[in-house]
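*Asks:* Going by my numbering, the first residue of the sequence shown is number 2, and it counts up by one from there. Where a beta carbon is used, it is the ideal one built from N, C-alpha and C, also for glycine.
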Amino acid sequence: MFQRVFLKSLAGAALGLGVYMNLRSGDVLGAAGEKQRGKFGLWTRSKNCEKPSHPERLFLCTGNANRPLAEDIAKHLGTTIGNTLVSRFPDGETKVQIQDYVRGKSVYIIQSTCPPVNENLMELLLLVSAARRASAKQVTAVIPYYGYARQDRKMISRVPISAADVAKLLETLGVDRVIAMDLHCGQIQGFFSPRVPVCNLDGSAVLLDYVINNTKLFTNPNKIVVVSPDAGGVGRARRFQERLIARGFTGAELAMIIKQRKAASQIERMDLVGHVEGKDCLVIDDMVDTAVSVGGMGRARYVRRRRSLRRMARRRFLSSPVTGCSPKMRIKR
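1) Check S205 in the structure and name its three-state DSSP category.
2) Does the beta carbon of H185 sit closer than 8 Å to a beta carbon anywhere in chain C?
3) What whole-angstrom Cβ distance do Y151 and S205 have, given they're in contact under 8 Å?
4) For S107, write down the residues that DSSP places opposite it in a beta bridge.
5) What's the gap between the Cα of F192 and the Cα of D92?
6) I'd like to check one pair, I180 with A1: are the Cβ atoms closer than 8 Å?
7) Return the CA-CA distance between G107 and S194, expressed in angstroms with no decimal places.
8) DSSP on L127, reduced to helix/strand/coil?
9) Give me the Cα-Cα distance between F241 and V227, rounded to the nearest whole angstrom.
10) By how many angstroms is the C-alpha of L184 removed from the C-alpha of N201?
11) Going by alpha carbons, who is nearest to L61 out of T81, P116, M156 and D287?
12) Using CA atoms only, rank isn't needed, just tell me which of A75, I74, R68 and D73 is closest to L86.
13) Indicate whether V140 and V176 have their beta-carbon atoms separated by less than 8 Å.
14) By Cβ distance below 7 Å, which residues in the same chain neighbour E172 in space, the five residues on each side in sequence not counted?
15) Pair every Cβ in the stretch 114-132 with every Cβ in the stretch 70-84, then say whether three or more of these pairs are closer than 8 Å.
16) Taking C-alpha atoms, which residue in K138, N223 and M257 lies nearest to R239?
17) Roughly how far, in whole angstroms, is the beta-carbon of D153 from the beta-carbon of A164, given that I think they are within contact range, below 8 Å?
18) Could you tell me the distance, in whole angstroms, from the CA atom of G233 to the CA atom of R159?
19) Output the distance between the C-alpha atoms of L170 and I111, rounded to the nearest integer angstrom.
20) What is the DSSP secondary structure of R244, reduced to helix, strand or coil?
21) When DSSP builds the beta bridges, which residues end up paired with E254?
22) Consult DSSP for G34 and reduce its assignment to one of helix, strand or coil.
23) Under a Cβ-count criterion, where at least 16 other Cβ atoms within 10 Å of its own Cβ denotes burial, should M182 be classed as buried or exposed?
24) Our contact map puts I213 next to R270 with C-beta atoms below 8 Å; I'd like the distance itself, whole angstroms only.
25) Can you tell me whether Y102 is buried or exposed, with buried defined as 16 or more other CB within 10 angstroms of its CB?
26) Check V199 in the structure and name its three-state DSSP category.
27) Could you pull the start and end residues of the beta strand (DSSP E) that A181 belongs to?
28) What distance in whole Å lies between the Cβ atoms of K260 and D231, which are believed to be in contact at a cut-off of 8 Å?
29) How long is the line joining the alpha carbons of A137 and E57, rounded to whole angstroms?
30) I need the DSSP call for I157, collapsed to helix, strand or coil.
31) Could you name the residues of the same chain whose beta carbon sits closer than 7 Å to that of V129, not counting the 5 residues immediately before and after it, in chain order?
32) Taking C-beta to C-beta, are V284 and R311 nearer than 8 Å?
33) Taking the alpha helix (DSSP H) that L171 falls in, what are its first and last residues?
34) Please name the residue in G236, A253, T251 and S229 whose C-alpha comes closest to that of V274.
35) Please report how far the alpha carbon of D166 lies from the alpha carbon of Y146, in whole angstroms.
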């Protein structure tokens, strides 16, 4: 249920963003969505969301990563997914063909790079190339999960910055703009040149509504600690804490875990910054892959004194069996 609501939110946010990114040069929207100057482009604002005023100039397509999400976005827009063939050759190569006429249209490619990452990334790249070679007016890549995002800097010698390399591939193939959601780190937006604007949608609004509508999950709503699982997520956790305070959870506090890793999925040591004793801990993260971090937090002696521990993440992969968690850790959800 929660996962479905989250996908619906992304659908609404993605189509809403199209309003602001598809306006012609000089067009500005006020707070109420009214046109202030210039001519309005592809979109008009309705009561709850934006609708295409010229659907014949809009083309949505998707690969095999998450077709239900693409269909949700199309449903919100009052349109359908275009005919696109994405298949495999006998030797495993990806075959892509856009089967509809897209010349002069604004093409939105809705394709996450979730597991299997390499296959879905290749589909995205080839779809961008196919749209560009078919003389599309604009090509926008809607990427709910940006693969290789965790490889955003050189921690050791002789390794690539893979997040930047993916950005370079997309830009070289001709993408005009990118819509992502909860990038693992904000600096990924800087890996694209100014010619390719990037919009990083924030999904915390869905998590916030979930917390507010389920206060019974907490023994005392005024004794909540928002915990960042690492130093890089402090900004994400701080924004969530500020929004909780603005919605009436005036006692919400902030804490942070500092991790030292042996390898990508092996944690050597965890240190806590903040006070959690006797309080409900709410861990805010952008993804759960192997759940090693939350398992380590559950075992850590300084976190055991907390009243409860819950982890909220925008994405879950569980790419390997979760062996780091046990009932003794009192991880409630």
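*Replies:* Short version:
1) Numbered from 1 along the sequence shown, position 204 holds the residue referred to as residue 205. Residue state, collapsed to three classes: helix.
2) No chain C appears in this structure, which consists of one protein chain only.
3) Taking the sequence shown and counting its residues from 1, one reaches residue 151 at position 150. Taking the sequence shown and counting its residues from 1, one reaches residue 205 at position 204. The sequence shown places Arg at residue 151, not Tyr. Going by Cβ atoms, the distance from R151 to S205 rounds to 19 Å, so no, they are not a contact pair.
4) Reading the sequence shown from its first residue, position 106 is the one you call residue 107. According to DSSP, S107 bridges with L59 and Q139.
5) On the sequence shown, residue 192 is found 191 positions in, with the first residue counted as 1. On the sequence shown, residue 92 is found 91 positions in, with the first residue counted as 1. F192 and D92: Cα-Cα distance of roughly 33 Å.
6) For residue 1 there is no data in the structure shown, the boundaries of the chain being 2 and 334.
7) Mapped onto the sequence shown, residue 107 falls at position 106. Mapped onto the sequence shown, residue 194 falls at position 193. Reading off the sequence shown, one finds Ser at residue 107, where the question assumed Gly. Each residue's alpha carbon lies about 21 Å from the other.
8) The residue labelled residue 127 in the question sits at position 126 within the sequence shown. In this structure, L127 counts as helix in the three-state DSSP scheme.
9) Locating residue 241 in the sequence shown gives position 240, where the first residue counts as 1. Locating residue 227 in the sequence shown gives position 226, where the first residue counts as 1. For F241 and V227, the distance between alpha carbons rounds to 8 Å.
10) Position 200 of the sequence shown, counting from 1, holds the residue named residue 201. Position 183 of the sequence shown, counting from 1, holds the residue named residue 184. Taking the straight line from one Cα to the other gives about 7 Å.
11) Translated into positions along the sequence shown, residue 61 becomes position 60. Looking at T81, P116, M156 and D287, the one whose alpha-carbon comes closest to that of L61 is T81.
12) In the sequence shown, counting from the first residue as 1, residue 86 sits at position 85. When only C-alpha atoms are compared, the closest one is R68.
13) By 1-based counting over the sequence shown, the position of residue 140 is 139. By 1-based counting over the sequence shown, the position of residue 176 is 175. Cβ distance < 8 Å, so V140 and V176 count as in contact.
14) As a first step, residue 172 must be located in the sequence shown, where it is residue number 171. So the list reads F193, S194 and V197, once near-sequence residues are dropped.
15) no
16) Along the sequence shown, read from residue 1 onward, the residue named residue 239 stands at position 238. For R239, the nearest C-alpha among the options comes from M257.
17) Within the sequence shown, numbered from 1, the residue matching residue 153 stands at position 152. Within the sequence shown, numbered from 1, the residue matching residue 164 stands at position 163. Indeed, because the Cβ distance is near 4 Å, the residues count as touching under 8 Å.
18) On the sequence shown, position 232 is the one that residue 233 refers to. On the sequence shown, position 158 is the one that residue 159 refers to. Between G233 and R159, the C-alpha separation is close to 23 Å.
19) Position 169 of the sequence shown, counted from the first residue, corresponds to residue 170. Position 110 of the sequence shown, counted from the first residue, corresponds to residue 111. L170 and I111 have their C-alpha atoms some 17 Å from each other.
20) Along the sequence shown, one-based indexing puts residue 244 at 243. R244 falls in the helix class under three-state DSSP.
21) The count along the sequence shown starts at 1 and reaches residue 254 at position 253. Beta-bridge pairing by DSSP links E254 to V226.
22) The residue you call residue 34 lines up with position 33 of the sequence shown. Residue placement at G34 is poorly supported in this model, since its pLDDT is 38, which falls under 50; the coordinates are not used for a value here.
23) Here residue 182 refers to the residue found at position 181 when the sequence shown is read from its first residue. With 16 or more Cβ atoms within 10 Å of its Cβ, M182 is classed as buried.
24) The count along the sequence shown starts at 1 and reaches residue 213 at position 212. The count along the sequence shown starts at 1 and reaches residue 270 at position 269. Wrong, their Cβ atoms sit about 35 Å apart, outside the cutoff.
25) For the purposes of this step, residue 102 is taken as residue 101 along the sequence shown, with counting starting at 1. Classification for Y102: exposed.
26) As a working note, residue 199 is residue 198 in the sequence shown. Looking at V199 - three-state DSSP - the assignment turns out to be strand.
27) Here residue 181 refers to the residue found at position 180 when the sequence shown is read from its first residue. That run of the beta strand (DSSP E) goes R178 to M182.
28) Here residue 231 refers to the residue found at position 230 when the sequence shown is read from its first residue. Here residue 260 refers to the residue found at position 259 when the sequence shown is read from its first residue. Contact flag correct, Cβ pair sits at about 5 Å.
29) Within the sequence shown, numbered from 1, the residue matching residue 137 stands at position 136. Within the sequence shown, numbered from 1, the residue matching residue 57 stands at position 56. Roughly 13 Å separates the two Cα atoms.
30) Counting from 1 along the sequence shown, the entry for residue 157 is found at position 156. Reduced to three states, the DSSP call for I157 is coil.
31) Residue numbering aside, residue 129 sits at position 128 when the sequence shown is read from its first letter. Within the same chain, V129 has close Cβ partners I110, V140, A142, L171, L174, G175 and V176.
32) On the sequence shown, residue 284 is found 283 positions in, with the first residue counted as 1. On the sequence shown, residue 311 is found 310 positions in, with the first residue counted as 1. A contact, by the Cβ cut-off of 8 Å.
33) Locating residue 171 in the sequence shown gives position 170, counting from the first residue. Run containing L171: S163 to L174, per the alpha helix (DSSP H) assignment.
34) Looking up residue 274 in the sequence shown gives position 273. Selected option, being the one with the closest Cα: S229.
35) Stepping through the sequence shown from its first residue, residue 166 is reached at position 165. Stepping through the sequence shown from its first residue, residue 146 is reached at position 145. Rounded to whole angstroms, D166 and Y146 show a C-alpha spacing of 16 Å.
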